[in-house]
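Take a look at the structure set out below.
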Amino acid sequence: MNFIDRCVSLLKELSSSKKDFLPVYNNEIVSECITTMKRLFEENQKEALDTSTDSASSQDGFIVVKIRHSILLFIKRCLIAYHHERLNRLKKLRWEFGSELPTEVSCNLTPKEIEWFAKYCSNLSDYMGRLNEGRGFDLTLNRTAPKRIFIQVRCLQDHGDHELEDGTTVCLQKDNLYYLPFSQCEKLIHQGIIEQVSD
């Protein structure tokens with residue numbers, strides 16, 4: 001398999017995975033791509049510095065340099081697309097699950113991606129904290145308009161007391177049914193504490 005096929009396989013691997021999941025970072029192929037790019041760049045520099053007086057070989061050399069440069073740009077675009085898609089998926093996961101990623105996702109991240117995610121979470125939290133005249137507003141809730149204000153939910157695990165926005169407290173106990181504001185159920189549903197009971 002040549003290095004162009006390897007670059008394409010990097011993108012295929014990512015696009016074939018579920019959109020709400022991040023596969024393991026493919027360091028092997030990314031490193032191969034970077035090494036290939038460096039080699040192509042060095043070969044182009046060497047070719048450009050070669051001052052051959054023969055115009056025919058000079059023209060051939062120019063064509064080879066252009067081909068190498070086109071391949072180099074293709075690899076670069078593949079790497080940018082790969083990393084861009086991974087970061088977009090991380091953003092989406094932040095909006096869906098909050099700052100705590102599922103274990104099956106977090107174990108597939110590189111240290112740089114973990115650092116980037118922490119910074120993204122921090123920036124988002126700082127921004128949401130400044131909204132609503134400094135009282136804060138959680139933008140990750142109510143991303144779709146509810147059909148009803150209250151929904152019926154079943155508690156999947158003993159969670160204990162949970163305070164609602166209006167200050168009332170609900171003791172969430174396993175297998176009990178509750179009628180709660182939709183806006184305050186989304187996070188609990190994502191965390192697997194409650195599930196919506198279908199009508």
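Per full-length UniProt numbering: the sequence shown = residues 1 to 199.
Here a beta-carbon is modelled for each residue, glycine too, at the ideal position from N, C-alpha and C.
Computed from a prediction, not measured in an experiment: that's the story for all the values here.
Quiz prompt | Beta-carbon proximity check, I194 vs L164, cutoff 9 Å | solution = In the sequence shown, residue 194 corresponds to position 194, counting from 1. In the sequence shown, residue 164 corresponds to position 164, counting from 1. The Cβ atoms of I194 and L164 do not sit closer than 9 Å to each other.
Quiz prompt | Identified DSSP bridge partners for D161 | solution = By one-based count along the sequence shown, residue 161 stands at place 161. D161 pairs with C171.
Quiz item: Between the C-alpha atoms of L72 and K119, what's the straight-line distance to the nearest angstrom?
Solution: Here residue 72 corresponds to residue number 72 of the sequence shown, with the count starting at 1. Here residue 119 corresponds to residue number 119 of the sequence shown, with the count starting at 1. One C-alpha to the other measures close to 31 Å.
Quiz item: According to DSSP, what are the bridge partners of R154?
Solution: By one-based count along the sequence shown, residue 154 stands at place 154. According to DSSP, which records beta bridges pairwise, R154 is partnered with L177 and E195.
Quiz item: From what residue to what residue does the alpha helix (DSSP H) around K18 run?
Solution: Position 18 of the sequence shown, counting from 1, holds the residue named residue 18. No alpha helix (DSSP H) holds K18; DSSP gives it neither H nor E.
Quiz prompt | Distance between beta carbons of R68 and L40, contact taken as under 8 Å | solution = The residue you call residue 40 lines up with position 40 of the sequence shown. The residue you call residue 68 lines up with position 68 of the sequence shown. Yes, they are in contact, since the Cβ atoms of L40 and R68 sit about 5 Å apart, within 8 Å.
Self-check item: I63, buried or exposed, once every other Cβ within 10 Å from all chains shown has been counted against 16
Solution: Locating residue 63 in the sequence shown gives position 63, counting from the first residue. Looking at its Cβ environment, which holds fewer than 16 other Cβ atoms inside 10 Å, I63 is exposed.
Quiz item: When you compare only the Cα positions, how much space is there between T168 and D158?
Solution: Looking up residue 168 in the sequence shown gives position 168. Looking up residue 158 in the sequence shown gives position 158. Taking the straight line joining both Cα atoms gives about 18 Å.
Exercise. Could you tell me whether the region 89–108 touches the region 17–33, where touching means 3 or more Cβ pairs closer than 8 Å?
Key: yes
Quiz item: Is the region 113–128 close to the region 82–96, with three or more CB pairs under 8 Å?
Solution: yes
Quiz prompt | DSSP state of F137 mapped onto helix, strand, coil | solution = Here residue 137 corresponds to residue number 137 of the sequence shown, with the count starting at 1. In this structure, F137 counts as coil in the three-state DSSP scheme.
Quiz item: From K187 to L141, what does the alpha carbon distance come to, in whole angstroms?
Solution: Numbered from 1 along the sequence shown, position 187 holds the residue referred to as residue 187. Numbered from 1 along the sequence shown, position 141 holds the residue referred to as residue 141. Rounded to whole angstroms, K187 to L141 spans 8 Å at the Cα level.
Quiz item: Does DSSP put H110 in a helix, in a strand, or in coil?
Solution: Numbered from 1 along the sequence shown, position 110 holds the residue referred to as residue 110. Looking at the sequence itself, residue 110 is Thr, so the reference to His does not match. Looking at T110 - three-state DSSP - the assignment turns out to be coil, as it is neither helix nor strand.
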